[in-house]
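Peer 1:
Residue numbers (this note's numbering), protein chains in the order written: chain A, 1 to 302; chain B, 303 to 585; chain C, 586 to 995.
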């Protein structure tokens, strides 16, 4: 590329400003188009077919979507996705609480902050394994606690009443750490004069937090919302590791349901899987659009 | 500062804070501590039902050697590096270019392209799964680390572009303008003026992408099947299938798999957090 | 798009490097990840190379569960020369999709039609043979002899005796049956045996091949029998949370007395601390009188993918695996039964009993997840698991299964 740019022809000199961005963008965009944009369109196309990945695709129009509407697993997944979305948002206040707790200057506090952040750094596979062990009946730490408290053993991951909550708690662990770090950075950058001025006026505690501090933390809250909403809809890893959607499909979520239909040992229903993916994509698009609109407004203002 | 510094509180509150702090940490990391202890428990403890008591001895060396000796985890770790390092280089390099283009030039499609990258970053993987797998199969890259690298580079470019573009926007634009007046070519402006200033961004992105890609599990299961190319996340899950009830081995394996990103985090903490919290401070 | 061409060139070189077998080399993909199968496979390959020094073997060993998904990929994308799989309906989709090669000539050239006669039908589709079987094993009820003696229980032969034994055990504070249903398939063993004993082999085969609705009264009858064990709590609690291996300690510790399992479970029971004389084996009791007695005996097999590069040498490997000597040695290590009738009879006490039982069997079923269509099997076993937790939902579960059957077998 450097050669092309430095070879100075008259045309190049004149149009350099106009052509340069496209040259800079070309490699990144090519990759992005091939691996992201094009596959989205292809997935939508595949979702109108019956295809096992081995033979030919057969056009069935809206057949997959019609079947989806009558599929109990789809509604279970959808319900669980909503649960994930709502409960996952708890990581935002939880993260804020931890951040407030840690926002002090005592000796060793830096190390404490790092260690509190720890769960976010490790892979969800490891988090899933850790919590599976934590919940395991007979010897899991958590089951033992429950058994001592209630005198009853509860196998969280085998009980359809609790299983989704159990996985969400595992997910909240790293997510809270993430939100915590966002808020810690935010707290570092709030305007101390405003806080002091408010204190002079007699504001303190919750009131001070709500009226003076939180508005200043709005950017951190926004980012935390974005990553949490996206994270909650992506909850594939934990479900796959901890339960594979079980017992009998009760912890199913759309992202895992799609994978299972399209690629698991029991069947390659690529078309049906693609249809589930399209539904998930449309749900996500609602949020993506909201985020983009907000970012666009910021761009316009700056 | 908010909340009120603890130094201004009563001596009692100060002591209480110092006591509660380590307790809270232990509680917070309880599952992890449990796993760490289990990983150094002798196998006989588990058979005897000693899950929580003091380990009867130190089985750490034995467990960790067993993991490396009896399972291909060493190979899995190597594969993870083979996927992660080229991805970091590729994604960061591409996004330096795209970020520069979107930050410095004014052209009609600029914002549109920028938001395309941003949106791509948020979409669910599942919508890409079938076509990307199919494409990788057809290209003969299925079950290779290269197949994973190419996808990760493409996908991470979205996030990295967002990051780089915002970073370059924050640089003094006057530098670029004065260079243009002197007739410096656009490539040279990028190479010799902007790129040197991007070092902190490159460092931050490298650590972040390293962690994201190292911890990826979904694509590792979709694009790879055999041991020879399997990264450690997917490998650990398949080992979990073999080590049923052998929690001392599962724990040791988990710790091994978690170590590289953890080390990366502690070594490059400042960059890591700077990268992660981009946008959390300014409106 | 030049980028894509570059990608192709890269791909080509990667493909050349990755798995192309040279002449005289065969690539074997298999799922022998557990310790005993792994050892058996290592020995087999070493012996094969001694017999054929000119052929180099490259072996890719897969995780047992992951393999089932992986095989669909590599058969189309990157075929090895030999692949391990299962007999019966489980191999049918690959045969129908033209992914397995016809190996009838290996059978005729090596006299296998005679020696492997017992498994011939389960390897035949459209009159051709599609692989060779190398091992099979019995299923049945493994029980704690010492507990039975202590409680004064004689091994039950009929359903009524089984229920009486369960009642007695339960009263003594011992859960009659242990099971771990997290991986779903252990529930298939229960369904198969109950169906084989209530309705017989022919009905079972009709059901698993999709010819009979799941809402048929005969299927409901199976669930009714099953409920007689589920409702009084004759299975361990929390079985949906654990894998089959995790269920073994319950039996080792004497908290449970019986386990319906394949013979491979004996090794796990022994390594868990049970002595051989503590373990007994009994045939699944009779339910409907005078029904010809069929048994469950899954057969494991080797196949040559249609896209294999070195079929010549792969056939030599198949012939070798089918031979009496290879099967004797391999099954001694596996702790399972050789399919070849000329192979040495097993010495192991459980295998002896299994061999006798299977030799006298009216017919052999492969296993629910091998006899039924894969997608149906998954839904079915999920239903069985749900039933074992919520027996009252039997009708709703069967209706759901029927809906899926109608879609799968349209």
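Glycine included, every Cβ here is placed at the ideal spot set by N, Cα and C. All of these numbers come straight from a predicted model, not from anything done at the bench.
(1) Tell me, which residues are paired with residue 643 of chain C by DSSP?
(2) Considering residue 804 of chain C, what are the terminal residues of the alpha helix (DSSP H) in which it resides?
(3) With three or more C-beta pairs closer than 8 Å as the rule, is the stretch 726 to 736 of chain C touching the stretch 782 to 798 of chain C?
(4) Taking just the CA atoms, how far does residue 617 of chain C sit from residue 606 of chain C?
(5) What in chain A is Cβ-close to residue 967 of chain C, meaning under 7 Å?
(6) Are there three or more Cβ pairs, one per stretch, closer than 8 Å when the stretch 91 to 104 of chain A is compared with the stretch 181 to 188 of chain A?
(7) When you compare only the Cα positions, how much space is there between residue 209 of chain A and residue 440 of chain B?
(8) Would you say residue 460 of chain B and residue 420 of chain B are within 8 Å of each other, going by their C-beta atoms?
(9) Between the stretch 812 to 840 of chain C and chain A, which residues of the former have a C-beta closer than 8 Å to a C-beta of the latter?
(10) What first and last residue would you give for the beta strand (DSSP E) that runs through residue 846 of chain C?
(11) Determine the direct distance from the alpha carbon of residue 298 of chain A to that of residue 284 of chain A, and round the result to whole angstroms.
(12) Output, in chain order, the set of chain A residues within a Cβ distance shorter than 8 Å of residue 970 of chain C.
(13) Any contact between the stretch 863 to 874 of chain C and the stretch 898 to 910 of chain C? By contact I mean 3 or more CB pairs, one from each, below 8 Å.
(14) Touch check for the stretch 162 to 171 of chain A and the stretch 186 to 201 of chain A: three-plus C-beta pairs under 8 Å?
(15) Run the CB neighbour count on residue 294 of chain A, radius 10 Å, all protein chains shown included, and call it buried at 16 or more, exposed below.
(16) Under the three-state reduction of DSSP, which class applies to residue 669 of chain C: helix, strand or coil?
(17) Considering residue 731 of chain C, what are the terminal residues of the alpha helix (DSSP H) in which it resides?
(18) Does residue 617 of chain C come within less than 8 Å of chain B when only Cβ atoms are used?
(19) Does the beta carbon of residue 430 of chain B come closer than 8 Å to any beta carbon on chain C?
(20) Who are the near neighbours of residue 771 of chain C in its chain, counting only those whose CB is closer than 7 Å to its CB and skipping five residues on each side?
(21) Residue ranges of each alpha helix (DSSP H) run of no fewer than 4 residues wholly in the stretch 122 to 174 of chain A, ordered along the chain?
(22) For residue 865 of chain C, report the span of its beta strand (DSSP E) as first-last.
(23) Would you check if there are 3 or more beta carbon pairs closer than 8 Å linking the stretch 365 to 384 of chain B to the stretch 429 to 436 of chain B?
(24) For the stretch 907 to 927 of chain C against the stretch 691 to 702 of chain C, do three or more pairs of beta-carbon atoms, one drawn from each stretch, fall closer than 8 Å, so that the two count as touching?
(25) Have a look at the DSSP bridge pairing and note the partners of residue 299 of chain A.
(26) Please state the DSSP three-state secondary structure of residue 433 of chain B.
(27) What are the boundary residues of the beta strand (DSSP E) that residue 306 of chain B is part of?
(28) Could you give the first and the last residue of the continuous alpha helix (DSSP H) run that contains residue 237 of chain A?
(29) Output, in chain order, the set of chain B residues within a Cβ distance shorter than 8 Å of residue 655 of chain C.
(30) Check each residue of the stretch 328 to 346 of chain B: if its Cβ is closer than 9 Å to any Cβ of chain A, include it; give the result in chain order.
(31) Using a Cβ-Cβ cut-off of less than 8 Å, give me the residues of the stretch 423 to 447 of chain B that come near chain C, in sequence order.
(32) Got a sec: is the Cβ-Cβ distance from residue 682 of chain C to anything in chain A below 8 Å?
(33) Going straight from the alpha carbon of residue 940 of chain C to that of residue 723 of chain C, what length do you get?
(34) When the Cα of residue 338 of chain B is compared with those of B:579, B:572, B:577 and B:557, which residue comes out closest?
(35) Below 8 Å, can you find three or more Cβ-Cβ pairs linking the stretch 976 to 988 of chain C to the stretch 797 to 805 of chain C?
(36) Go to residue 887 of chain C, then tell me how far its beta strand (DSSP E) extends in each direction, as first and last residue.
Peer 2: Short version:
(1) C:612
(2) 802 to 815
(3) no
(4) In this predicted model, residue 606 of chain C has a pLDDT of only 44, less than 50, meaning its place in the structure is not dependable enough to derive any value.
(5) 248 and 249
(6) Under the three-pair Cβ rule at 8 Å, the stretch 91 to 104 of chain A counts as touching the stretch 181 to 188 of chain A.
(7) 57 Å
(8) yes
(9) 822, 823, 824, 825, 826 and 827
(10) Annotation: the continuous beta strand (DSSP E) that includes residue 846 of chain C extends over 841 to 847.
(11) 21 Å
(12) 246, 247 and 248
(13) The answer is no - the stretch 898 to 910 of chain C does not touch the stretch 863 to 874 of chain C, with fewer than three Cβ pairs under 8 Å.
(14) no
(15) exposed
(16) strand
(17) 730 to 735
(18) no
(19) It does not: the Cβ of residue 430 of chain B has no partner Cβ on chain C nearer than 8 Å.
(20) 764, 765 and 829
(21) 124 to 135 and 141 to 150
(22) Looking at the DSSP string, the run of the beta strand (DSSP E) that includes residue 865 of chain C is 864 to 867.
(23) no
(24) Segments in contact, yes.
(25) According to DSSP, which records beta bridges pairwise, residue 299 of chain A is partnered with nothing at all.
(26) Residue 433 of chain B: helix per DSSP, three-state reduction.
(27) Unbroken run through residue 306 of chain B: none, as it is neither H nor E.
(28) 236 to 242
(29) In chain order: 527 and 528.
(30) Taking 9 Å as the cut-off between beta carbons, the residues of the stretch 328 to 346 of chain B near chain A are 330, 331, 332, 333, 334, 336, 337 and 340, in sequence order.
(31) Of all residues in the stretch 423 to 447 of chain B, 439, 441, 442, 443, 444, 445 and 446 have a Cβ within less than 8 Å of some Cβ in chain C.
(32) Taking CB atoms only, residue 682 of chain C has a neighbour in chain A less than 8 Å away.
(33) 8 Å
(34) It is B:557 whose Cα lies nearest to the Cα of residue 338 of chain B.
(35) yes
(36) 884 to 888
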